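I have placed the structure first, in the form of structure tokens, so that the comments after it can refer back to it.
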Amino acid sequence: MKKILSHTICQRTMSITVIACALAACGGGGDTAAAPVPVVSTPAPTPVPAAGKWQLAVNDTWQWQLRGAINTSYDAAVYDVDLVDAAQATIDQLHRQGRHVVCYFSAGSSEDFRSDAGVFKPTDMGSKLAGWAGERWLDIRSANVRQFMAQRRLDLAVSKGCDGVEPDNVDGYANSTGFPLTASDQLDYNRFLATEAHRRNLKVGLKNDLAQVALLVNEFDFAVNEQCHEFGECDKLHPFTAAAKPVFNAEYRADYRTNAADARTMLCAEAKAENFRTLVLPLELDDTFRYSCG
């Protein structure tokens with residue numbers, strides 16, 4: 000189970016919608032930002048040639064599966080899979096099928112179920128992520144955290160042949176992390192992730208973090224969003240489509256998942272009008288079912 004509710008945690012849990020929006024507007028409620036952390040520049044491994052040649056298009060189709068054996072039979076140009084868990088053979092197969100592979104990892108939380116979780120220092124880890132066992136928010140200002148993401152996640156993406164990456168939990172400043180993170184801290188960290196990904200010839204997607212889209216669209220190659228149709232927030236992603244960059248969206252609402260054809264018809268009409276690539280998926284992001292708006 001992944002961070003499919005990171006957006007929801009930020010804007011829905013414990014009635015913090017107004018707080019989250021205020022944080023985005025005022026830079027974290029006036030908290031004092033920590034001293035800037037230098038960008039960790041590590042020697043980038045030899046990039047995968049195919050990654051640099053990938054020219055994303057707004058109409059690229061996609062599939063998102065983070066749990067279970069990956070179903071490689073969907074007619075989708077882009078597959079988004081778990082960086083650590085996805086088998087190398089699966090990534091290789093997808094490439095042989097002519098698909099591009101985006102690799103998911105959590106850039107904002109520690110995960111005690113990963114074999115390298117012990118690399119984080121106690122001071123790097125803050126509050127638990129509500130609803131996600133074994134995960135704690137990370138201090139994104141920490142040089143140790145940044146080195147981990149560069150060397151153990153982005154370098155791994157290169158070694159496994161990923162064409163792009165989807166860093167998750169990149170909106171910690173709008174959550175109760177246990178750290179005094181500001182909007183400025185988040186912008187700096189997200190730009191760090193984008194810069195390091197591009198150094199490795201990887202495309203990079205902005206996950207949720209709707210309040211900062213306008214400030215980050217130039218640094219990111221695509222967007223991954225959850226439930227913008229359900230929550231009426233799709234307009235915040237328009238800077239991506241205006242820049243001819245795709246928006247990959249997932250919806251989980253029950254009446255989209257059932258045989259409620261009218262609800263799905265309306266959803267897909269909205270997705271077409273927004274020029275988004277919208278899927279209806281199980282909350283667990285396994286292969287239980289899938290409905291594509293095209």
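Each residue of the sequence shown is one higher than the one before, starting from 0 at the first, in numbering that gives the first Met the number 0. For glycine and all other residues, C-beta sits at the position ideal for the given N, C-alpha and C. Here the structure is a predicted model, which is why all the values come from computation and not from measurement.
So, with DSSP's three-state summary, where would you put residue i?
i    : result
N70  : coil
N189 : helix
L137 : strand
Y251 : coil
P37  : In this predicted model, P37 has a pLDDT of only 44, less than 50, meaning its place in the structure is not dependable; the value taken from the coordinates is given anyway. Here P37 sits in coil by DSSP.
V57  : coil
G28  : Residue confidence is low: G28 scores 38 on pLDDT, short of 50, so the model does not pin down where it sits. Its coordinate-derived value is still stated next. The answer is coil: DSSP assigns G28 none of H, G, I, E or B.
L128 : coil
D184 : helix
P46  : Confidence at P46 is low in this model, with a pLDDT of 38, below 50, so the placement of that residue should be treated as unreliable; the coordinate-derived value is given next. P46: coil per DSSP, three-state reduction.
C20  : The predicted position of C20 is uncertain, since its pLDDT is 34 and thus under 50; a value taken from the coordinates is nonetheless stated next. Three-state DSSP puts C20 in a helix.
G177 : coil
E165 : strand
R152 : helix
S158 : helix
L280 : coil
Can you tell which of the options has the C-alpha that lies nearest to the C-alpha of residue i?
i    : options                : result
A88  : K159, T264, E269, S72  : K159
Q64  : Y73, R256, A132        : Y73
D208 : L192, A193, K235       : K235
S175 : A213, T194, V212, A129 : A129
R198 : W53, A149, A210        : A149
S108 : W131, D79, G97, R66    : W131
A196 : D154, E229, D254, V100 : D154
D59  : K52, I69, F191, A75    : A75
H228 : E250, E218, P179       : E250
D254 : F247, N248, M265, V246 : M265
R256 : F247, L284, V246       : L284
V223 : A193, T287, D167       : D167
A241 : E273, R252, Q226       : E273
Q146 : L215, L192, K127       : L192
R98  : F112, D111, Q62        : Q62
P281 : D111, E225, V57, R190  : E225
F230 : N248, P238, V216, L215 : N248
K52  : A86, N200, E232, Y188  : N200
H237 : P179, R152, F275       : F275
R152 : S126, D115, Q96        : D115
E165 : V246, F288, Q96        : V246
Tell me which same chain residues have a C-beta within less than 6 Å of the C-beta of residue i, skipping the five on either side of it?
i    : result
Y290 : V279
A270 : T277, C292
A33  : Reliability fails at A33, whose pLDDT of 43 lies under 50, so the model's placement of it is uncertain and no value is given.
D111 : G133
Y78  : Q62, L93, R98, V100
S336 : Look at the range of the chain in this structure, 0 to 293, and you will see that residue 336 is not part of it.
Flag residue i as yes if its beta-carbon sits less than 7 Å from any beta-carbon of chain C, otherwise no.
i    : result
K159 : Protein chain content of the structure displayed is limited to a single chain, and chain C is not contained in it.
Is any heavy atom in the ligand GDP found nearer than 6 Å to the beta carbon of residue i?
i    : result
T264 : The ligand GDP is absent from the structure shown, which contains no ligands of any kind.
Looking only at its own chain, which residues have a Cβ that is under 8 Å from the Cβ of residue i, when we skip the five neighbours before and after it?
i    : result
D220 : L55, G163, K202, V203, G204, K244
C267 : T277, C292, G293
D81  : K1, L65, R66, C102, Y103, F104
V83  : F104, R113, L155
Within a Cβ cutoff of 7 Å, which residues of the same chain sit near residue i, ignoring the five residues on either side of it in sequence?
i    : result
G26  : Because G26 carries a pLDDT of 38, less than 50, the predicted location of this residue cannot be relied on, and the following value inherits that uncertainty. T181, A182, S183.
M124 : S109, R135, L137
N70  : Q64, D286
E218 : R190, A193
(message) Under 8 Å: do the region 78-93 and the region 169-179 share three or more Cβ pairs, one atom per stretch?
(response) No, the region 78-93 is not in contact with the region 169-179.
(message) To test your reading of the DSSP string, which unbroken beta strand (DSSP E) runs of 3 or more residues are found completely within the region 60-110?
(response) Taking 3 residues as the shortest admissible run, the region 60-110 contains the following complete beta strand (DSSP E) segments, listed from N- to C-terminal end: 61-63, 77-81, 99-105, 108-110.
(request) Any chance you could list the beta strand (DSSP E) runs of at least 3 consecutive residues sitting entirely within the region 191-256, in chain order? (result) The region 191-256 contains these whole beta strand (DSSP E) runs: 202-206, 221-225, 246-250.
(message) Assess contact between the region 111-122 and the region 136-145, defined as three or more Cβ pairs (one per stretch) separated by less than 8 Å. Is contact present?
(response) Contact between the region 111-122 and the region 136-145 is established, with three or more Cβ pairs separated by less than 8 Å.
(request) Would you be able to state if there are at least three C-beta pairs under 8 Å between the region 211-225 and the region 256-269? (result) Segments in contact, no.
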